[in-house]
Amino acid sequence: SDDLINWSEPKPIVKHDFQLYNTAVTFDGERYVLLYEHNDPKYPFFTYYFLESKDLQNWTRIPDAAFAKDHYAGGPWIHYIAEDKLYYVTWCREFTNPKTGALNYDTSIARSADLINWEYGKRPIISPDYSHRPDPENHPDVYELNAADAEFIETADGVRAYWGGGNQQGVLDWITGVYKGSLTELFHRFF
């Protein structure tokens, strides 16, 4: 689209024998890198595969590039930091709450130079606020156990993050937070 109103016909860029889910894309100065979630039965649900393209039209799978081949991941976001020469991925991490035994979700981070070997952050970027009630009027007994599906936007004022709160069971609110610094500074705090 030239105007974000009128659009060309959609063109599939990847086809598989399994289902595809959420996507995210970044540019590393030479190529676009797209990640997508899938349900390929040889890996856990939502493992990420990666494609590359020079023109946003023709895409090729990056051999052996994958993320979360041994654990649950969802709600992806990817960003390339040129000064590090690293790709940063954030994802929805599923974990068992030690107090309640319930499944909870946060936004965690990992980075890689080759999209094959990953270094995981020391702690989550965004964690649930267990005192927060996402919809107290209609669901007064539901407290947040989710802080996932985050997106990050860097502006002159800092980094604004947006994520889904709620309970992953139909009660949801959207939350925003601001980090006073650059995206690079923010992400470096977790390694």
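Residues 1 to 191, numbered by this note's numbering, are exactly what the sequence shown covers, in order. Every residue, glycine too, gets a C-beta built ideally from N, C-alpha and C.
Beta-carbon proximity of residue i to residue j, cut-off 8 Å
| i | j | result |
| --- | --- | --- |
| VAL178 | ARG160 | yes |
| LEU4 | THR23 | no |
| ASP173 | ALA147 | no |
| ALA82 | PHE46 | no |
| PRO128 | ASN104 | yes |
Reference residue i; option with closest CA among the options
| i | options | result |
| --- | --- | --- |
| PHE18 | LYS42, THR26 and ILE5 | LYS42 |
| ASN97 | LYS122, TYR130 and ILE81 | TYR130 |
| ALA102 | GLU185, TYR21, ASN167 and TRP7 | ASN167 |
| HIS38 | PHE50, GLY29, PHE191 and GLU94 | PHE50 |
| THR100 | GLN57, THR60, LEU145 and ARG61 | LEU145 |
| ILE126 | GLU30, THR90 and TRP118 | THR90 |
| ILE116 | ARG61, LYS11 and THR184 | ARG61 |
| HIS71 | GLU52, ASP64, PRO44 and LYS54 | PRO44 |
| TYR21 | SER8, PHE27, TYR48 and TRP7 | TYR48 |
| TYR143 | ARG123, PRO124, GLY165 and LYS122 | GLY165 |
Paired residues, beta bridge with residue i - DSSP
| i | result |
| --- | --- |
| GLU52 | VAL33 and THR60 |
| HIS79 | TYR88 |
| TRP163 | ILE175 |
| GLU94 | TYR105 |
| VAL25 | LEU34 |
| ALA148 | GLY164 |
| ARG111 | TYR88 and GLU119 |
Buried or exposed by the 16-neighbour rule on C-beta atoms within 10 Å, applied to residue i
| i | result |
| --- | --- |
| ILE153 | exposed |
| TYR162 | exposed |
| ASP149 | buried |
| ARG93 | buried |
Same chain, Cβ closer than 8 Å to residue i, five either side skipped, listed in chain order
| i | result |
| --- | --- |
| TYR120 | SER108, ILE109 and ALA110 |
| VAL25 | TYR32, VAL33, LEU34, LEU35 and ILE78 |
| LYS180 | ASP157 and GLY158 |
| TYR88 | ILE78, HIS79, TYR80, ILE81, ILE109, ALA110, ARG111 and PHE187 |
Chain-order list of residues whose beta-carbon lies under 7 Å from that of residue i (same chain, five-residue window excluded)
| i | result |
| --- | --- |
| LYS85 | ALA113 |
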